[in-house]
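A.B. asks: Going by my numbering, the sequence shown opens with residue 6, and the numbers climb by one from there. Virtual Cβ for every residue (Gly too), placed ideally from N, Cα, C. Dropping a structure here in structure tokens format, bear with me for questions.
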Amino acid sequence: TRCSGLSGTLITIDSLRKLYVEETDVPLHGLKIRGVVISDAAHGNVSLNDVILQGGPGDKGIVLYYAGQHDYALGDSLELDLNACLLKSFNGQLEITGISSSNTTLLDSNRHILPQSTTVAEIVANRGSYESTLVTLHNINWLNNPATYNGSSGNLTFSDGTVNLKQFCSTMATFKDEP
């Protein structure tokens with residue numbers, strides 16, 4: 006159904022991210038968010054406990070850490086009741102912990118977020134604006150001529166000629182050995 010019945014005030018993921026300041030974990034109560042799954046656990050590039058959720062056009066994204074495995078797939082539209090959850094930084098990336106299937110409602114499937122076209126320099130200069138969002142990069146060069154997406158232990162470096170940026174590909178990703 007479109008009406009989930011989850012409690013709380015609906016806020017954007019961008020508004021949620023702004024609650025985190027000065028490396029202090031934030032207990033969440035009375036809030037809910039909606040977004041589309043942009044991660045693809047089925048192909049192994051995220052943990053089976055993680056979902057990366059991005060709000061609508063112009064909104065941000067966030068990592069959701071589920072206490073156990075979940076069944077949410079790329080393109081699923083979700084609504085989350087954030088009562089008793091925690092907004093925190095893990096390995097330099099914002100995430101919400103305390104998520105379970107009981108506080109998650111599947112609203113729809115096969116939804117798509119259009120990637121935002123940007124540059125490597127823009128991502129480096131404004132990391133927080135692009136964290137956990139889909140982007141498209143044009144005119145990049147892979148450094149060290151990697152043979153596959155997995156490169157050296159999953160870490161690859163690319164450049165747009167102005168600045169370098171590293172990307173990671175899990176050794177569990179089904180496409181890791183593709184050229």
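How many Å lie between TYR135 and LEU69 at the Cα?
C.D. replies: Computed Cα separation, rounded: 16 angstroms.
A.B. asks: Return yes when the Cβ of ILE104 is within less than 9 angstroms of the Cβ of VAL56, no when it is not.
C.D. replies: It is a contact, given that the beta carbons lie within the stated cut-off.
A.B. asks: With a CB to CB cut of under 6 angstroms and the five nearest residues on each side skipped, what residues in its chain are close to ALA46?
C.D. replies: Result list for ALA46: LEU53, in chain order.
A.B. asks: Looking only at C-alpha atoms, which of ASN88, ASN108, HIS117, LEU142 sits nearest to ALA126?
C.D. replies: Here the closest residue by C-alpha is LEU142.
A.B. asks: Grouping DSSP H, G and I as helix and E and B as strand, with all else coil, what is GLY16?
C.D. replies: Checking the sequence, you will find Ile at residue 16 rather than Gly. In the structure shown, ILE16 sits in coil (DSSP, three-state: anything other than H, G, I, E or B).
A.B. asks: In this structure, how does DSSP classify VAL56 when only helix, strand and coil are distinguished?
C.D. replies: If DSSP states are grouped into helix, strand and coil, VAL56 belongs with the strands.
A.B. asks: Skipping 5 residues on each side, what residues in its chain have a beta carbon closer than 7 angstroms to that of PRO32?
C.D. replies: Correct list, in chain order: LEU91.
A.B. asks: Please specify which runs of the beta strand (DSSP E), each continuous and at least 3 residues long, are wholly inside the stretch 67–92, giving them in chain order.
C.D. replies: Runs found: 82–86.
A.B. asks: Counting only the same chain and skipping the five closest in sequence on each side, list residues whose C-beta sits under 6 angstroms from that of ARG116.
C.D. replies: Around ARG116: VAL41, GLY80, SER82.
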